[in-house]
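Here the sequence shown is numbered in numbering that gives the first Met the number 0, starting from 0 and rising by one per residue.
Ideal placement from N, C-alpha and C gives every residue a C-beta, glycine not left out.
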Amino acid sequence: MINNRNGALLLAGGLLCGAISGCVPLADATLNEHLISWTSAEITGTHEITVTVHGGDPLCETTRVVSSEDGTVLRVAVIRGYPADAPDQCTLIATQEQLVISTTAPASTLTVEPMSAAEAGL
């Protein structure tokens, strides 16, 4: 187990401020979002590409994908964050997650490239 108490206290203070102002519902907040690399991108359907990423305890981190398609290029960003309501203790485990991206063009015609943090809105 990894003790996450110090991070939780800092997190709680920041969330309390946001919760008081009513900006972000506490349970839905994701903190410290950043780009992570994927280990593979595979065609898994006529209009579908699946990227694989490694992660940790799903109670302690979230993963989402952002993509944009332009001609023959599919730009992909995989974004990791930490839920505001994560437990104080996180189990040290390794996970593998497949994130499915639907495409407009046939997947076989696309080249997959990484998207920058700025393009992903980070």
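Alpha carbons only, please: which of the options is nearest the one belonging to residue i?
{"i": "N31", "options": "S67, A119, C59 and R79", "result": "R79"}
{"i": "I100", "options": "H53, T29 and R63", "result": "R63"}
{"i": "E96", "options": "T43, V52 and G44", "result": "V52"}
Whole angstroms are fine: how far does the CA of residue j sit from the CA of residue i?
{"i": "R74", "j": "Q88", "result": "35 Å"}
{"i": "A106", "j": "D84", "result": "37 Å"}
{"i": "V77", "j": "V65", "result": "6 Å"}
{"i": "G54", "j": "T94", "result": "5 Å"}
{"i": "G120", "j": "M114", "result": "10 Å"}
{"i": "G44", "j": "T38", "result": "19 Å"}
Find out if the Cβ-Cβ distance for the pair residue i, residue j is shorter than 7 Å.
{"i": "L34", "j": "A117", "result": "no"}
{"i": "E60", "j": "Y81", "result": "yes"}
Once you ignore the five residues that flank residue i on each side, which residues in its own chain have a CB closer than 7 Å to its CB?
{"i": "V111", "result": "A40, I48, L73 and V75"}
{"i": "T102", "result": "H46, E47, I48, E68, L73 and L109"}
Looking only at its own chain, which residues have a Cβ that is under 8 Å from the Cβ of residue i, when we skip the five neighbours before and after it?
{"i": "T71", "result": "A104, T108, L109 and T110"}
{"i": "T29", "result": "T61, G80, Y81, P82 and A83"}
Ordered along the chain, which non-local residues of its own chain (more than five positions away) have a Cβ less than 6 Å from that of residue i?
{"i": "D56", "result": "C89, T90 and I92"}
{"i": "S20", "result": "Its pLDDT being 45, under 50, S20 is placed unreliably in this model, and the value from its coordinates should be taken loosely. So no residue of the chain qualifies."}
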